[in-house]
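J.: Heads up, the sequence shown is in my numbering, so the first residue is 2 and it goes up one at a time. Questions regarding the structure given below will be posed in turn.
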Amino acid sequence: MKILVTKNKEEASRKAFKLLQTDIINGAQVLGLATGSSPLGLYQKMTNSSVDYSNLISINLDEYVGLKPTDPQSYHYFMEHHLFTQKPFAKSFIPDGSNLNATKVINHYNQILATYPIDTQILGIGNNGHIGFNEPGTPFDSQTHKVKLTPATINANARFFTSSKDVPTEAYTMGIGSILQAKHIILLAFGEQKADAINKMVNGKITTAVPASVLQKHPNVTVILDKQAASKLA
Numbered sequence: 002m003k004i005l006v007t008k009n010k011e012e013a014s015r016k017a018f019k020l021l022q023t024d025i026i027n028g029a030q031v032l033g034l035a036t037g038s039s040p041l042g043l044y045q046k047m048t049n050s051s052v053d054y055s056n057l058i059s060i061n062l063d064e065y066v067g068l069k070p071t072d073p074q075s076y077h078y079f080m081e082h083h084l085f086t087q088k089p090f091a092k093s094f095i096p097d098g099s100n101l102n103a104t105k106v107i108n109h110y111n112q113i114l115a116t117y118p119i120d121t122q123i124l125g126i127g128n129n130g131h132i133g134f135n136e137p138g139t140p141f142d143s144q145t146h147k148v149k150l151t152p153a154t155i156n157a158n159a160r161f162f163t164s165s166k167d168v169p170t171e172a173y174t175m176g177i178g179s180i181l182q183a184k185h186i187i188l189l190a191f192g193e194q195k196a197d198a199i200n201k202m203v204n205g206k207i208t209t210a211v212p213a214s215v216l217q218k219h220p221n222v223t224v225i226l227d228k229q230a231a232s233k234l235a
């Protein structure tokens, strides 16, 4: 696990962009993408660049259950707004949150992942150590599944919604086992609120209580932090 501590989010996003471009130059064809504030700077670098992604495949980590792709709070909408409308890919896959047939969604997404193995996976990390929406307790060999979000995750996401009652309580997510199949993982984390989770991920025991701790076992992980997120590392 390689740790890069940067001055701020801008520098971190720039380093992540350079790493991603290096992977693409070296043959990466399938990018695993995340949503949320952590990768937003990276996506801005991508959209502002002259790089053409139209021959690549993107596969997103997760989506809220119950939200249509056109819902402004859906991850589908987020990706369209922040990346895909400016930089279209050959194919882009996001779980269909509007489909309440979980078995159908899960089987379809697992087939996508089998067809298009991920070369480079972008990750954030939750305050409780989750990656994707794999909450504490998720088995390390898990594949795509529907998850009931913890109160901590729901509260963390409430800032994006008009009312806390509007925050979805379930999501479809790529499993930890699927995430670990990526050839290279780039994890971004910013702010003091992520410092405890980062420390447990890097220095703690490998345990399902901290899902991100399993990344210690992956052969090619780059963690890019600002000083605040790295503040509890030894």
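From the three backbone atoms N, C-alpha and C, an ideal C-beta is built for every residue, glycine too. Just so it is clear, the structure is predicted and the values come from calculations on it, not from any experiment.
Between GLY33, VAL52 and PRO220, which has its C-alpha nearest LYS19's C-alpha?
T.: The option with the nearest alpha carbon to LYS19 is VAL52.
J.: Can you pull the DSSP bridge partners for GLY33?
T.: ILE60 and GLN122
J.: Between ASP142 and the rest of its own chain, which residues show a CB-CB distance below 7 Å, the 5 nearest in sequence each way excluded?
T.: Once the five neighbours on either side are set aside, the close Cβ partners of ASP142 are GLY178.
J.: Tell me where the alpha helix (DSSP H) around LYS233 begins and ends.
T.: For LYS233, no alpha helix (DSSP H) run applies, since DSSP gives it neither H nor E.
J.: Look at the alpha carbon of LEU188 and the alpha carbon of LYS166, and state the distance between them as a whole number of angstroms.
T.: 30 Å
J.: May I have the straight-line CA-CA distance separating LYS10 from GLY125, to the nearest angstrom?
T.: Roughly 13 Å between the two C-alpha positions.
J.: What does PHE94 pair with, by DSSP beta-bridge criteria?
T.: ILE60
J.: So THR23 is in the alpha helix (DSSP H); what residue range does that whole segment cover?
T.: Per DSSP, the continuous alpha helix (DSSP H) segment holding THR23 begins and ends at 10-26.
J.: For my contact list, ILE180 and ILE132 are in at a C-beta cut-off of 8 Å; report their separation, rounded to the angstrom.
T.: 6 Å
J.: Per DSSP, ASN135 is paired with what?
T.: Partner(s): ILE132.
J.: Is the distance from the Cβ of ALA196 to the Cβ of ALA213 below 8 Å?
T.: no
J.: ASN49 to SER99, Cα distance in whole Å?
T.: Between the C-alpha atoms of ASN49 and SER99 there is a straight-line separation of about 31 Å.
J.: Run through DSSP, which three-state label would VAL224 get?
T.: Reduced to three states, the DSSP call for VAL224 is strand.
J.: Do ALA153 and ASN129 come within 8 Å of each other at the CB atom, strictly closer than that value?
T.: yes
J.: Would you call the stretch 114-121 and the stretch 13-32 touching, i.e. three or more CB-CB distances under 8 Å?
T.: yes
J.: Terminal residues of the continuous alpha helix (DSSP H) containing HIS83?
T.: Taken as a continuous stretch (DSSP letters only), HIS83 belongs to no alpha helix (DSSP H), as it is neither H nor E.
J.: For a test of the three-state rule: what should DSSP assign to ILE180, helix, strand or coil?
T.: helix
J.: Helix, strand or coil: how does DSSP classify LYS1 here?
T.: Here the chain has residues from 2 to 235 only, and residue 1 is not among them.
J.: How would you write the range of the alpha helix (DSSP H) that LYS1 sits in, first residue to last?
T.: This structure does not reach residue 1, given that the chain is present from 2 up to 235, and the question cannot be answered.
J.: Should THR145 go down as buried or exposed, given a rule of 16 or more other Cβ atoms within 10 Å for buried?
T.: buried
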